[in-house]
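Number of protein chains: 2
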Amino acid sequence: MDVEKFIEPSSTYHMLGSDDPYSYAQNSEYQKQLVVSAEELIFELIDKHLDIEKPSFDPNKIFRIGDFGCSIGPNTFFAVENIIKSVENKYKYKSNIKNPRIPEYHVFFNDHVDNDFNALFRNIPITRKYFPAGVPGSFHGRLFPNATLHFVHCSTALHWLSRIPKEVTETNSSAFNKGRIHYTGAKKEVKEVYSTQYRKDIKSFLSARAQELVPGGLMVLVILGFPGGVLPSESSIGIGFNILGSCLEDMVQMGKITEEEVDSFNLPFYYPSPSELKALIEENGCFNIERIERLSEPMKNEKQNLNILIKVCVSHLRAVIGGLIEEHFGNEIVEELFQLHMKKLHENPMMFDEKYRKEANYFMFLKQKSHL
Amino acid sequence: MDVEKFIEPSSTYHMLGSDDPYSYAQNSEYQKQLVVSAEELIFELIDKHLDIEKPSFDPNKIFRIGDFGCSIGPNTFFAVENIIKSVENKYKYKSNIKNPRIPEYHVFFNDHVDNDFNALFRNIPITRKYFPAGVPGSFHGRLFPNATLHFVHCSTALHWLSRIPKEVTETNSSAFNKGRIHYTGAKKEVKEVYSTQYRKDIKSFLSARAQELVPGGLMVLVILGFPGGVLPSESSIGIGFNILGSCLEDMVQMGKITEEEVDSFNLPFYYPSPSELKALIEENGCFNIERIERLSEPMKNEKQNLNILIKVCVSHLRAVIGGLIEEHFGNEIVEELFQLHMKKLHENPMMFDEKYRKEANYFMFLKQKSHL
Chain Z
57 MDVEKFIEPS
67 STYHMLGSDD
77 PYSYAQNSEY
87 QKQLVVSAEE
97 LIFELIDKHL
107 DIEKPSFDPN
117 KIFRIGDFGC
127 SIGPNTFFAV
137 ENIIKSVENK
147 YKYKSNIKNP
157 RIPEYHVFFN
167 DHVDNDFNAL
177 FRNIPITRKY
187 FPAGVPGSFH
197 GRLFPNATLH
207 FVHCSTALHW
217 LSRIPKEVTE
227 TNSSAFNKGR
237 IHYTGAKKEV
247 KEVYSTQYRK
257 DIKSFLSARA
267 QELVPGGLMV
277 LVILGFPGGV
287 LPSESSIGIG
297 FNILGSCLED
307 MVQMGKITEE
317 EVDSFNLPFY
327 YPSPSELKAL
337 IEENGCFNIE
347 RIERLSEPMK
357 NEKQNLNILI
367 KVCVSHLRAV
377 IGGLIEEHFG
387 NEIVEELFQL
397 HMKKLHENPM
407 MFDEKYRKEA
417 NYFMFLKQKS
427 HL
Chain W
57 MDVEKFIEPS
67 STYHMLGSDD
77 PYSYAQNSEY
87 QKQLVVSAEE
97 LIFELIDKHL
107 DIEKPSFDPN
117 KIFRIGDFGC
127 SIGPNTFFAV
137 ENIIKSVENK
147 YKYKSNIKNP
157 RIPEYHVFFN
167 DHVDNDFNAL
177 FRNIPITRKY
187 FPAGVPGSFH
197 GRLFPNATLH
207 FVHCSTALHW
217 LSRIPKEVTE
227 TNSSAFNKGR
237 IHYTGAKKEV
247 KEVYSTQYRK
257 DIKSFLSARA
267 QELVPGGLMV
277 LVILGFPGGV
287 LPSESSIGIG
297 FNILGSCLED
307 MVQMGKITEE
317 EVDSFNLPFY
327 YPSPSELKAL
337 IEENGCFNIE
347 RIERLSEPMK
357 NEKQNLNILI
367 KVCVSHLRAV
377 IGGLIEEHFG
387 NEIVEELFQL
397 HMKKLHENPM
407 MFDEKYRKEA
417 NYFMFLKQKS
427 HL
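Just so you know, the protein sequences line up as chains Z and W, in that order.
Quick note on numbering: the first sequence equals residues 57 to 428 in my numbering.
Quick note on numbering: the second sequence equals residues 57 to 428 in my numbering.
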């Protein structure tokens, strides 16, 4: 047995745990709305594509579901409940036999080893209809034995890279990302090395999941990306990152952190276009793409007070990247940085303007090619 | 599907987590030596009883191992490694075919939802040959789908009751355990209600595991108990509990805690005799008993300085029951209580006398009756 494949890629990314006001659990309403808007699609596509007559899906056996990048809940629980409801519907009403059996469900919640699994486990609903388990480790590597899972779910997690491409922090590299914290607005070499890393990561993810899924197993991905042709610097996400970067620059001026610290800090996020992602999936060759759909934008029709919008935005960003900031710059600057960020967004709230909301969430429904 | 079976019995028992000096990981040398002394027996008995020719044990499939009451390691990792080594030996050298396949291993680490799974996950060895998962919940209930596991391991965990029998805290009950914290030295009614609770708990455990194991699945239990006829009050464990109880009484006299608090505190441990346990397993009827053996006593031949012995003993007890004490009496008294306990053991070290070391560890190797 190859021990290599069990070794965790070096990475310490995770959401802020526990139930404090800056935790992911308290700041993921946007993600929740995505889960809700994917619900009907999942129901329809499970009905269409789940091959309950095939031996892999024998209802006398166990139906195993994996959620990758689960954080500490509750969105992962909503997603899993919806998948189970959809699978149950298929077994109950679409079977050729009279009193069809329903399989038992074994559900695996995956996230990085630094995720707060204690909080996740405390949050699992008591009225669940499944047996839960937690799986620590990077989803860019193998996490399950061969042909274990029947359904994979991964929502708004795949924009996390497994690592920052090293060139962006090397002063002698043409992709050195001086004074910036992301490829947004940076020179093209920076975007290129981010893109190369993303390509590697997506391929690792797809190959690992293809082996872990049973023949004909299903996978839902919800991917945060940009429509073709949109520049990140013209989007609210990109504008937000640039403002955060300028806050760090201000803190250099104030002598709170060093220029070198900012130069060596980069956000590990990449946002593909749907056609870029489609090409990567086709190149990988392990999955048929059954559906790609742009999801309606969460919270779009909620006319909210700008003060509230800014507060929600900063709280969410802090839940997601607070850990990265703390690890790189130390705990002391976190509070001040996000206060400064909030102040700057009040001074310049352009990222909340409708015309910059160009990022989009793409729903993808894949089916493992059963000849694997 | 019956939701009832997923609901956790009320209980918050768990070992102290993390890597602090009072944690279970730092204070479980005794348990480690038990794992080591069970190693050879497990190797021999897997070789003898693992039915690798049966469909449930098809090497093209996955071999699933569950360790129940795993705490945060490292003993659980030693145990799992030994089981895998033994299983691999059987597949490699005892198969009828030439280049036999070896299955992949999926390993499930179970403990209460309050166990520190974050610490457990950080501690999993990097060079493991298996895919790990954590399973939160009481092992007195169902934790896995039907016919999932091939091998169950549970070492020095089954003496934990799922709850304190309520009669021992009811002032109007004949089993009210006034002024004591355990059935050691108490009136016979107290022992009886502890025994009744143990009977229920063992039956729940066996029935749950029998359903979760594949036909012919194997189970190792290591049980801390007393040989028939030995009174707990004549054993070092019992003497230790009585001294701890007297420390609590002293703290009542000092006005640090109330008499009612002591009267309502009882340790959730029961130590059966091997014949009592054997009768319960036979009555349950789901397993054949392939072997019962008394393990050699850990650390017996290590002649240690009394001061060190007392320190190790108090640290171990604190790792195991510190959480219970804290929950019942509050955090403030913990340090003082164990200091007092240490002092009293120095004044009266009789529990360390060879003649009182009457508790014993029983190794049991069970095989699920395959007609289930």
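Beta carbons: idealized from backbone N, C-alpha and C, even for Gly.
- Between W/N298 and W/G235, the CB-CB gap reaches or exceeds 8 Å.
- Excluding five sequence positions before and after W/P181, the CB atoms of its chain that fall closer than 7 Å to its own CB belong to F133, given in chain order.
- Contacts between W/P192 and chain Z, judged by CB atoms closer than 8 Å, involve F177, I180, P188, G190 in chain order.
- Any Cβ of chain W closer than 8 Å to the Cβ of Z/V390 would place that residue at the interface, and such an atom is absent.
- Going by DSSP, W/P330 is part of the alpha helix (DSSP H) stretching over 330 to 340.
- The beta carbons of Z/F261 and Z/H168 sit no closer together than 8 Å.
- Residues of the region 200 to 223 of chain Z with a Cβ closer than 7 Å to any Cβ of chain W, in chain order: F200, P201, N202, T204.
- When C-beta distances to chain W are compared with 9 Å, every residue of the region 224 to 254 of chain Z stays at or above that value.
- Listed by position along chain Z, the residues whose Cβ is nearer than 7 Å to that of W/I118 are P201, T204.
- Counting only the Cα atoms, Z/T204 lies some 11 Å from W/E160.
- Its Cα nearest to that of Z/E96, the residue Z/A135 stands out among Z/F113, Z/A135, Z/K117, Z/G129.
- The straight-line gap separating the alpha-carbon atoms of Z/G301 and W/K312 is approximately 55 Å.
- Taking 8 Å as the threshold, the shortest C-beta distance from W/D172 to chain Z falls below it.
- The beta carbon of W/Y147 sits closer than 8 Å to the beta carbons of I108, P115, P156, R157, I158, P159 from its chain, once the five residues preceding and following it are set aside; these are given in chain order.
- The alpha-carbon of Z/F200 is positioned some 22 Å away from that of W/S142.
- Residue contact check for W/V169 against chain Z: a CB pair falls below 8 Å.
- Chain Z has no Cβ within less than 8 Å of the Cβ of W/E137.
- A direct Cα-Cα distance of roughly 54 Å separates Z/E305 from Z/I118.
- With the rule of 3 Cβ pairs closer than 8 Å, the region 394 to 405 of chain Z does not count as touching the region 316 to 334 of chain Z.
- CA-to-CA, the gap between W/D123 and Z/A189 works out to about 13 Å.
- Judged by DSSP in its simplified three-state form, W/Y186 adopts coil rather than helix or strand.
- For Z/H238, no alpha helix (DSSP H) segment is defined, and its DSSP state is neither H nor E.
- In this structure, Z/K104 lies away from Z/G272, with their beta-carbon atoms at least 8 Å apart.
- Secondary structure of W/M406 (DSSP, three-state): helix.
- Runs of the beta strand (DSSP E) lying entirely within the region 98 to 168 of chain Z, each at least 3 residues long, are 118 to 124, 160 to 167 in chain order.
- At a cut-off of 8 Å between beta carbons, W/E160 contacts chain Z.
- Only residues of its own chain outside the window of five on either side were considered, and among them F99, I102, D103 have a CB closer than 8 Å to the CB of Z/N145, listed in chain order.
- Excluding its 5 nearest sequence neighbours in each direction, Z/F164 has C-beta neighbours in its own chain below 6 Å: G122, A189, V191, listed in chain order.
- Distances from the alpha-carbon of Z/R413 to those of Z/V390, Z/I337, Z/V370, Z/S352 put Z/S352 closest.
- Here the alpha carbon of Z/G284 sits roughly 7 Å from the alpha carbon of Z/S331.
- At a cut-off of 8 Å between beta carbons, W/F164 contacts chain Z.
- Rounded to the nearest whole angstrom, the C-alpha separation of Z/L176 and W/A266 is 28 Å.
- A distance below 6 Å between beta-carbons, with the five flanking residues on each side excluded, links W/H209 to the following residues of its chain, in chain order: D123, A135, V276.
- Here the alpha carbon of Z/S426 sits roughly 17 Å from the alpha carbon of Z/E339.
- Considered as a whole, the region 206 to 285 of chain W harbours 269 to 281 as its complete beta strand (DSSP E) runs of no fewer than 3 residues, in chain order.
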